[in-house]
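**Student:** Start counting the sequence shown at 0; every next residue gets the next number (numbering that gives the first Met the number 0).
No residue lacks a Cβ here, since even glycine has one placed at the ideal position from N, Cα and C.
Submitted below is the structure of interest, expressed as structure tokens.
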Amino acid sequence: MKIGIIGAGNIGGNLTRRLTALGHQVSVANSRGPETLTGLAEETGAHPVTASEAARGAELVVVTVPLSAVPALPKDFLDGAAPGAVVIDTGNYYPQQRDGRIDAIEEGLPESRWTEQQIGHPVIKAFNGTYAQDILDRGTPAGTPGRQALPVAGDDPAAKQTVRNLIDELGFDTVDAGGLDDSWHQQPGTPVYGSQGDVDTIVKALADASPERTAQWRA
Ligand SMILES: NC(=O)c1ccc[n+]([C@@H]2O[C@H](COP(=O)([O-])OP(=O)(O)OC[C@H]3O[C@@H](n4cnc5c(N)ncnc54)[C@H](OP(=O)(O)O)[C@@H]3O)[C@@H](O)[C@H]2O)c1
């Protein structure tokens, strides 16, 4: 697949490493410009590009920047994406540590719904509770007992299936975590957040979640 990754930090960098290793054609961008991504490009074969260019022609786009940086993404950066492009959002709302207060999220809007509104395109929420290192280290073949599973939430069944197939390629099972309005089940502070469990564990953890953000995850 032709994949654009916006954000080349912990998650974006490791997704670039694994997805290029699987043979995908990856373009990757950060905020400082492609000239600062030569190391990652040489290591992986990914194309270093600007954030405006990352989605050009892409069938899949991963938005993996701090939530507070989402409004700063170039306007219409998805305009050149392939028709029907799928967008993954890995984001989390960290008001105290990083993002500051975002009123709509404090008032109950799921963080990925907020991101979707900011970028003007539906998103699939995935990887948000996965340790970046796990993307490199914990993938296993399908059928491996105890294989780690990731929750995936989103409204478009076909887009969600595309993401689930890609995650399977990366070495993880998935659990359908419902639509984006249900995605609070996997937000920071929930039982599933940071879990390395298998499908049964993730199904139970999602069911045990509470919609209220805990004090640690509020402004
Ligand atoms: N770390 C984890 O284990 C983890 C796990 C799951 C989910 N997440 C979530 O995933 C998101 C990314 O986390 P992370 O840890 O990978 O972040 P990170 O290491 O801080 O990296 C953020 C990346 O976003 C880039 N960026 C910032 N503003 C940008 C802009 N306007 N245009 C293009 N690129 C921009 C940064 O580029 P520069 O360096 O050039 O500024 C950097 O490459 C966050 O919402 C986080 O909560 C993180």
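#1: Just the C-alpha distance for glutamate 115 and alanine 50, rounded to the nearest angstrom, thanks.
#2: Reducing DSSP to helix, strand and coil, say where glycine 99 ends up.
#3: Assuming alanine 45 and valine 27 make a contact with CB atoms under 8 Å, what is their CB distance in whole Å?
#4: Leaving out five residues before and five after glycine 188 in sequence, what residues of the same chain have Cβ atoms less than 7 Å from its Cβ?
#5: Is isoleucine 10 near ligand 1, in the sense that its beta carbon is under 6 Å from a heavy atom of that ligand?
#6: Count Cβ pairs between the region 32-48 and the region 11-18 that sit closer than 8 Å; are there 3 or more?
#7: Check the DSSP bridge columns for glutamine 160 and list the partner residues they point to.
#8: Starting from the N-terminal side, write out each stretch of the alpha helix (DSSP H) that is 4 residues or longer and does not extend beyond the region 88-132.
#9: Beta carbon of valine 174, beta carbon of valine 122: below 7 Å?
#10: Determine which residues share a DSSP beta bridge with proline 150 and list them.
#11: Lysine 1 bridges to which residues according to DSSP?
#12: Compute the beta-carbon to beta-carbon distance between alanine 218 and arginine 146, rounded to the nearest angstrom, for a pair I have assumed lies under 8 Å.
#13: Should the region 70-78 be called in touch with the region 128-140, which here means at least 3 C-beta pairs below 8 Å?
#14: Could you name the residues of the same chain whose beta carbon sits closer than 8 Å to that of glycine 178, not counting the 5 residues immediately before and after it, in chain order?
#15: In whole angstroms, what separates the C-alpha of proline 210 from that of proline 190?
#16: Within its chain, find whatever has a CB closer than 6 Å to the CB of glycine 196; leave out the 5 residues flanking it on each side and keep chain order.
#17: With burial defined as no fewer than 16 other Cβ atoms inside 10 Å of the residue's Cβ, what is the status of glutamine 132: buried or exposed?
#18: With the cut-off set at 7 Å, would you say asparagine 164 and asparagine 127 are in Cβ contact?
#19: Within the same chain, show all residues whose beta-carbon is closer than 7 Å to that of valine 198, passing over the 5 residues directly before and after it, in chain order.
#20: Could you give the distance in angstroms between the alpha-carbon of alanine 80 and the alpha-carbon of glycine 56?
#21: Count the other CB atoms within 10 Å of the CB of arginine 31; is the residue buried (16 or more) or exposed (fewer)?
**Tutor:** According to the structure shown:
#1: For this step, residue 115 is matched to residue 116 along the sequence shown. For this step, residue 50 is matched to residue 51 along the sequence shown. Approximately 17 Å between the Cα atoms of the pair.
#2: Within the sequence shown, the letter at position 100 stands for residue 99. Under the three-state reduction of DSSP output, glycine 99 falls in the coil class, being neither helix nor strand.
#3: Residue mapping note: residue 45 aligns to position 46 of the sequence shown, counting from 1. Residue mapping note: residue 27 aligns to position 28 of the sequence shown, counting from 1. Between valine 27 and alanine 45 the Cβ distance is about 5 Å, and since that is below 8 Å, they are a contact.
#4: For the purposes of this step, residue 188 is taken as residue 189 along the sequence shown, with counting starting at 1. Non-local C-beta neighbours of glycine 188 in its own chain, meaning closer than 7 Å and more than five positions away in sequence, comprise Arg212, Thr213, Gln215, Trp216, ordered along the chain.
#5: The residue labelled residue 10 in the question sits at position 11 within the sequence shown. At least one heavy atom of ligand 1 is nearer than 6 Å to the Cβ of isoleucine 10, so yes.
#6: By the criterion of at least three beta-carbon pairs nearer than 8 Å, the region 32-48 is in contact with the region 11-18.
#7: The sequence position of residue 160 within the sequence shown is 161, counting from 1. DSSP output for glutamine 160 lists no bridge partner at all.
#8: Secondary structure within the region 88-132: the alpha helix (DSSP H) runs of 4 or more consecutive residues, fully enclosed, are 102-105, 110-118 (chain order).
#9: Looking up residue 174 in the sequence shown gives position 175. Looking up residue 122 in the sequence shown gives position 123. Judged by beta-carbon spacing, valine 122 lies beyond the 7 Å limit of valine 174, meaning their Cβ atoms are not closer than that value.
#10: Counted from its first residue, the sequence shown places residue 150 at position 151. According to DSSP, proline 150 bridges with Val174.
#11: Locating residue 1 in the sequence shown gives position 2, counting from the first residue. Lysine 1 pairs with Gln24.
#12: By 1-based counting over the sequence shown, the position of residue 218 is 219. By 1-based counting over the sequence shown, the position of residue 146 is 147. No, alanine 218 and arginine 146 are not in contact; Cβ-Cβ is about 37 Å, not under 8 Å.
#13: Fewer than three Cβ pairs drawn from the region 70-78 and the region 128-140 lie within less than 8 Å of each other, which leaves the two stretches out of contact.
#14: As a first step, residue 178 is located in the sequence shown; it is residue number 179 there, counting from the start. Hits under 8 Å: Ala152, Gly153, Asp154.
#15: Residue mapping note: residue 210 aligns to position 211 of the sequence shown, counting from 1. Residue mapping note: residue 190 aligns to position 191 of the sequence shown, counting from 1. Computed Cα separation, rounded: 11 Å.
#16: Along the sequence shown, one-based indexing puts residue 196 at 197. Nothing meets the Cβ criterion.
#17: On the sequence shown, position 133 is the one that residue 132 refers to. So glutamine 132 ends up on the exposed side.
#18: The residue labelled residue 164 in the question sits at position 165 within the sequence shown. The residue labelled residue 127 in the question sits at position 128 within the sequence shown. Cβ atoms of asparagine 164 and asparagine 127: not closer than 7 Å.
#19: As a working mapping, residue 198 is identified with position 199 in the sequence shown. Excluding positions up to five away in sequence, the list reads Ala148, Asp172, Val174.
#20: Locating residue 80 in the sequence shown gives position 81, counting from the first residue. Locating residue 56 in the sequence shown gives position 57, counting from the first residue. Taking the straight line joining both Cα atoms gives about 5 Å.
#21: Mapped onto the sequence shown, residue 31 falls at position 32. Exposed, since its Cβ has fewer than 16 Cβ neighbours within 10 Å.
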